[in-house]
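Everything on this sheet refers to the single structure shown next.
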Amino acid sequence: MVEITIDGQKVEVPEGSMVMHAAQKAGLYVPHFCYHKKLSIAANCRMCLVDVEKAPKPLPACATPVSSGMVVHTASEKAINAQKGVMEFLLINHPLDCPICDQGGECQLQDLAVGYGGSSSRYTEEKRVVFHKNLGPLVSAEEMARCIQCTRCVRFGQEIAGVMELGMINRGEHSEITTFVGRAVESELSGNMIDICPVGALTSKPFRYSARTWELARRKSVSPHDSIGANVVVQVKNDRVMRVVPFENEDVNECWISDRDRFAYEGLNSGDRLAVPMVRGEDGQWKEVEWAEALEFAAAGLQRAKNSYGAGEIGALAAQYATTEEFALLARLVRALGSDNIDFRLRQTDDGFDAARSGAPWLGMPLAEVGKLDRVLVVGSFLRKDHPLLAQRLRQAAKAGTQVVLVDVAGDDPLMPIAERITVAPGALPGVLAEIAVALAQAKDASAAPELAGVQPGEAARRVAALLAEGENGAVLLGNLAAQHPQASTLAANAQLIAQAAGCRLGYTVEGGNSVGGYLAEAVPVRGGKTAARMLAEPLKSYIVLHAEPALDADNGVAALEALRAAQFNVALTSYKSAAQDWAHVMLPIAPFTETSGTFVNAEGRAQSFKGTVRALGQTRPGWKVLRVLGNALELPGFDDETSESVRDAVLAGDIASRLSNAVTAKPGAGAAAQGLQRVADVPVYFSDAIARRADALQAAPASREPDARANAATIAGLGLADGDRVRVKSATGAIELFLSLDDTVPAGAVRISAAHAATFALGSAFEQLSVERA
Numbered sequence: 001m002v003e004i005t006i007d008g009q010k011v012e013v014p015e016g017s018m019v020m021h022a023a024q025k026a027g028l029y030v031p032h033f034c035y036h037k038k039l040s041i042a043a044n045c046r047m048c049l050v051d052v053e054k055a056p057k058p059l060p061a062c063a064t065p066v067s068s069g070m071v072v073h074t075a076s077e078k079a080i081n082a083q084k085g086v087m088e089f090l091l092i093n094h095p096l097d098c099p100i101c102d103q104g105g106e107c108q109l110q111d112l113a114v115g116y117g118g119s120s121s122r123y124t125e126e127k128r129v130v131f132h133k134n135l136g137p138l139v140s141a142e143e144m145a146r147c148i149q150c151t152r153c154v155r156f157g158q159e160i161a162g163v164m165e166l167g168m169i170n171r172g173e174h175s176e177i178t179t180f181v182g183r184a185v186e187s188e189l190s191g192n193m194i195d196i197c198p199v200g201a202l203t204s205k206p207f208r209y210s211a212r213t214w215e216l217a218r219r220k221s222v223s224p225h226d227s228i229g230a231n232v233v234v235q236v237k238n239d240r241v242m243r244v245v246p247f248e249n250e251d252v253n254e255c256w257i258s259d260r261d262r263f264a265y266e267g268l269n270s271g272d273r274l275a276v277p278m279v280r281g282e283d284g285q286w287k288e289v290e291w292a293e294a295l296e297f298a299a300a301g302l303q304r305a306k307n308s309y310g311a312g313e314i315g316a317l318a319a320q321y322a323t324t325e326e327f328a329l330l331a332r333l334v335r336a337l338g339s340d341n342i343d344f345r346l347r348q349t350d351d352g353f354d355a356a357r358s359g360a361p362w363l364g365m366p367l368a369e370v371g372k373l374d375r376v377l378v379v380g381s382f383l384r385k386d387h388p389l390l391a392q393r394l395r396q397a398a399k400a401g402t403q404v405v406l407v408d409v410a411g412d413d414p415l416m417p418i419a420e421r422i423t424v425a426p427g428a429l430p431g432v433l434a435e436i437a438v439a440l441a442q443a444k445d446a447s448a449a450p451e452l453a454g455v456q457p458g459e460a461a462r463r464v465a466a467l468l469a470e471g472e473n474g475a476v477l478l479g480n481l482a483a484q485h486p487q488a489s490t491l492a493a494n495a496q497l498i499a500q501a502a503g504c505r506l507g508y509t510v511e512g513g514n515s516v517g518g519y520l521a522e523a524v525p526v527r528g529g530k531t532a533a534r535m536l537a538e539p540l541k542s543y544i545v546l547h548a549e550p551a552l553d554a555d556n557g558v559a560a561l562e563a564l565r566a567a568q569f570n571v572a573l574t575s576y577k578s579a580a581q582d583w584a585h586v587m588l589p590i591a592p593f594t595e596t597s598g599t600f601v602n603a604e605g606r607a608q609s610f611k612g613t614v615r616a617l618g619q620t621r622p623g624w625k626v627l628r629v630l631g632n633a634l635e636l637p638g639f640d641d642e643t644s645e646s647v648r649d650a651v652l653a654g655d656i657a658s659r660l661s662n663a664v665t666a667k668p669g670a671g672a673a674a675q676g677l678q679r680v681a682d683v684p685v686y687f688s689d690a691i692a693r694r695a696d697a698l699q700a701a702p703a704s705r706e707p708d709a710r711a712n713a714a715t716i717a718g719l720g721l722a723d724g725d726r727v728r729v730k731s732a733t734g735a736i737e738l739f740l741s742l743d744d745t746v747p748a749g750a751v752r753i754s755a756a757h758a759a760t761f762a763l764g765s766a767f768e769q770l771s772v773e774r775a
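Heads up, the sequence shown stops at 775 in the UniProt record's numbering, and the numbers go up one at a time, no gaps.
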């Protein structure tokens with residue numbers, strides 16, 4: 001530790017710290033623009049000049065290392081004059097457009113100009129003009145003349161997002177920030193550039209000119225779009241969500257959020273919102289009704305289905321971003337009716353996974369500890385699409401020396417240093433893990449599991465095993481695709497073997513915003529009921545569907561729609577008309593996360609409760625209240641809760657950690673070999689849930705372009721086709737036509753075609769065998 005004196009206070013900071021760090025520890029504010037605690041030091045704005053005794057001139061606090069006995073003055077006459085001089089230079093070219101600037105009212109330059117700027121300018125020459133840039137549908141760079149060249153956005157792209165999409169060209173007063181040859185910004189974290197820009201050069205394009213910052217009410221909430229549970233501030237005007245920005249929580253999302261967390265709010269204001277209860281008449285026409293009539297109709301239909309076909313013919317499906325309270329009451333309702341058919345894992349295909357698991361699958365560690373690992377094996381994940389913020393944590397860890405190993409089904413660029421990578425077709429994943437497990441056993445002179453007798457590890461598996469064996473603090477993380485895999489139990493058993501042999505922790509990245517909460521609320525079969533896959537493959541007579549859009553949320557949307565349309569009576573608790581109007585008999589408008597209170601439990605098992613941020617749209621009601629009243633209408637016991645908190649407390653009482661477990665009892669194995677041409681099916685980052693799919697700006701982003709069929713050169717040649725051909729792709733459920741693209745990141749024997757998209761809906765399951773021919 002080094003002791004220095006700053007403004008008369010003695011402060012101890014670690015060796016290598018800067019004067020800025022010492023000032024922050026002492027609770028002193030030093031004005032700055034280019035400095036940011038999460039970015040490297042650039043020292044190019046010079047606003048943080050301070051007076052250091054024995055130094056001949058003021059020094060930048062952000063780039064001046066502390067030394068023992070140093071005496072610093074941050075507010076001396078010398079320091080203040082230096083800061084005012086810098087401010088004068090920063091303002092000479094800055095446009096005088098504060099009244100129309102979206103940054104007005106929350107602008108760092110505006111604030112500091114009040115304290116350090118002059119009352120008039122001595123600069124009488126013409127101000128420079130910088131041409132606007134098109135950065136895509138999310139980030140606006142229409143007024144780049146405001147830019148003060150702090151380079152925060154450039155450093156963010158390189159250091160946090162992992163890709164240099166912005167850079168500086170020219171020199172002196174001709175310097176300007178631009179994209180590479182006019183390309184749009186495509187990073188899944190790009191919106192954070194808006195937050196860190198200290199002036200109005202980069203602003204939110206969807207929010208642009210829609211409200212002033214002082215008109216907005218600010219309410220804390222939790223994002224539902226992935227298992228990180230990013231803390232956000234929802235900004236509201238006239239009961240409409242206008243903007244979403246990060247709420248800093250170092251243990252969860254640090255000070256970042258993904259673009260999906262930031263811009264998906266547009267889906268909350270979609271014209272597709274269901275605002276009134278609706279009932280479908282015998283003529284097939286929908287009509288609006290009062291809540292009492294809709295609930296009575298729903299209760300009568302469910303009771304009729306139970307009396308006619310038995311409780312076992314009733315099933316419940318839910319989306320993974322339902323609140324814990326909604327999951328709990330849905331489970332209570334279904335079981336009170338006498339059924340155990342309930343599931344929120346609409347993409348899970350392994351029917352034996354529940355019998356193998358011993359608790360709620362979770363990350364296996366706090367999120368904050370991901371950066372402290374020295375070895376990480378990630379299996380079956382499209383990391384940047386599935387979990388942008390977890391990918392960001394791994395990126396920082398990899399830059400600091402963590403050895404990251406990927407075993408995946410497509411060679412997407414993770415934008416981080418990778419120690420080893422094995423990319424295979426989905427059906428080969430269990431076999432790859434089996435090879436690594438055997439190689440680890442051999443490296444430790446131990447005997448391999450008898451179920452893996454005959455497995456011969458390849459050279460790549462041996463390299464991965466050697467890396468894991470050398471680690472002291474490692475983790476094996478199973479991604480979304482690994483959990484959804486038809487052989488998920490075998491994958492988990494093999495991963496467990498690897499983790500045990502290497503002394504690593506075993507975890508799941510976890511798919512949805514509240515998947516852990518769904519397990520804790522027992523919104524899964526626990527007494528022999530049917531999983532979602534079985535409920536749709538072996539159709540029931542009646543379904544209750546909560547928040548889900550089965551056509552796009554289920555693994556096999558074709559089978560889901562067929563089962564729902566053939567059912568005798570379906571109740572849809574939904575926020576969107578188009579999600580249910582094709583198959584439901586009654587649609588009950590329930591609130592999305594911004595209009596209700598509830599709790600999400602993130603991947604690390606952290607329960608995060610939130611309140612509604614806006615008044616519910618029209619006659620929309622919180623889902624937990626609708627389920628409670630529906631239970632009353634059915635005259636079922638146990639539906640007396642008056643608050644969401646009482647429902648939450650009944651579910652989350654006691655020690656949550658004791659109910660989390662990644663241990664499995666399934667036997668390891670090499671897995672069954674898949675036949676034919678396999679499908680590699682990612683879920684596009686902005687198609688992950690019903691809210692994001694209705695956000696116009698996200699749907700206009702490059703990541704949301706219509707899918708094509710992608711295969712490597714060997715696969716294309718083997719099919720007798722060529723890059724750019726229009727092809728007809730067939731599966732057991734249907735056929736579609738797409739353009740064929742050459743993509744050597746796709747493994748041999750596989751074709752990559754995205755799921756969760758209307759254009760590829762007819763292909764059915766993500767794990768279907770395909771045939772491809774020229775159209």
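Backbone N, C-alpha and C define an ideal beta-carbon position, used for all residues, glycine too.
Start and end residues, alpha helix (DSSP H) containing residue i
{"i": "His21", "result": "19-25"}
{"i": "Met193", "result": "192-196"}
{"i": "Val260", "result": "Note that residue 260 corresponds to Arg in the displayed sequence, not to Val. Run containing Arg260: 259-263, per the alpha helix (DSSP H) assignment."}
{"i": "Gln392", "result": "388-399"}
{"i": "Gln769", "result": "Note, Gln769: premise wrong, no alpha helix (DSSP H); beta strand (DSSP E) at 769-774."}
Backbone secondary structure at residue i - three-state DSSP
{"i": "Gly598", "result": "strand"}
{"i": "Met144", "result": "helix"}
{"i": "Ser489", "result": "helix"}
{"i": "Glu646", "result": "For the sequence presented, residue 646 should be read as Ser rather than Glu. Correct three-state label for Ser646: helix."}
{"i": "Leu377", "result": "strand"}
{"i": "Asn231", "result": "strand"}
{"i": "Lys444", "result": "coil"}
{"i": "His757", "result": "coil"}
{"i": "Thr179", "result": "strand"}
{"i": "Ser187", "result": "coil"}
{"i": "Lys220", "result": "strand"}
{"i": "Ala533", "result": "helix"}
Opening and closing residue of the beta strand (DSSP E) in which residue i lies
{"i": "Ala141", "result": "139-141"}
{"i": "Gln403", "result": "403-408"}
{"i": "Asp51", "result": "49-52"}
{"i": "Thr574", "result": "569-574"}
{"i": "Trp286", "result": "286-288"}
{"i": "Glu12", "result": "9-13"}
{"i": "Phe610", "result": "607-610"}
Beta-ladder partner(s) of residue i, from DSSP
{"i": "Asn249", "result": "Glu254"}
{"i": "Ala750", "result": "Gln678"}
{"i": "Gly278", "result": "The amino acid at residue 278 is misidentified as Gly; the sequence shows Met. Met278 pairs with Glu288, Met587."}
Environment of residue i [buried if 16+ CB atoms lie within 10 Å]
{"i": "Arg146", "result": "buried"}
{"i": "Lys287", "result": "exposed"}
{"i": "Arg212", "result": "exposed"}
{"i": "Ala758", "result": "exposed"}
{"i": "Met70", "result": "buried"}
{"i": "His174", "result": "exposed"}
{"i": "Gly724", "result": "exposed"}
{"i": "Leu96", "result": "exposed"}
{"i": "Trp214", "result": "exposed"}
{"i": "Phe33", "result": "buried"}
At least three beta-carbon pairs within less than 8 Å, the region 452-465 to the region 479-486: They do not touch, by the three-pair rule.
contact_flag[the region 103-123, the region 73-90] where n(CB pairs < 8 Å) is 3 or more: Yes, the region 103-123 touches the region 73-90.
Quick test of the definition: if touching needs 3 or more C-beta pairs under 8 Å, does the region 492-504 touch the region 306-314? Here the region 492-504 makes no contact with the region 306-314; the two share fewer than three CB pairs at distances below 8 Å.
Are there three or more Cβ pairs, one per stretch, closer than 8 Å when the region 578-592 is compared with the region 635-643? Put simply, the region 578-592 does not touch the region 635-643. Fewer than three CB pairs are less than 8 Å apart.
Does the region 296-307 come into contact with the region 532-543, if we say contact requires no fewer than three beta-carbon pairs (one atom in each stretch) closer than 8 Å? Flag = yes, the region 296-307 and the region 532-543 touch.
Take every Cβ of the region 548-563, pair it with every Cβ of the region 368-382, and state whether three or more of those distances are shorter than 8 Å. The region 368-382 and the region 548-563 do not touch, with fewer than three beta-carbon pairs separated by less than 8 Å.
With three or more beta-carbon pairs closer than 8 Å as the criterion, would you say the region 439-450 touches the region 415-431? Judged by Cβ distances under 8 Å, the region 439-450 makes no contact with the region 415-431, as fewer than three pairs qualify.
Specify whether the region 385-396 and the region 516-529 touch according to this definition: at least 3 beta carbon pairs, one from each stretch, less than 8 Å apart. No, they do not touch.
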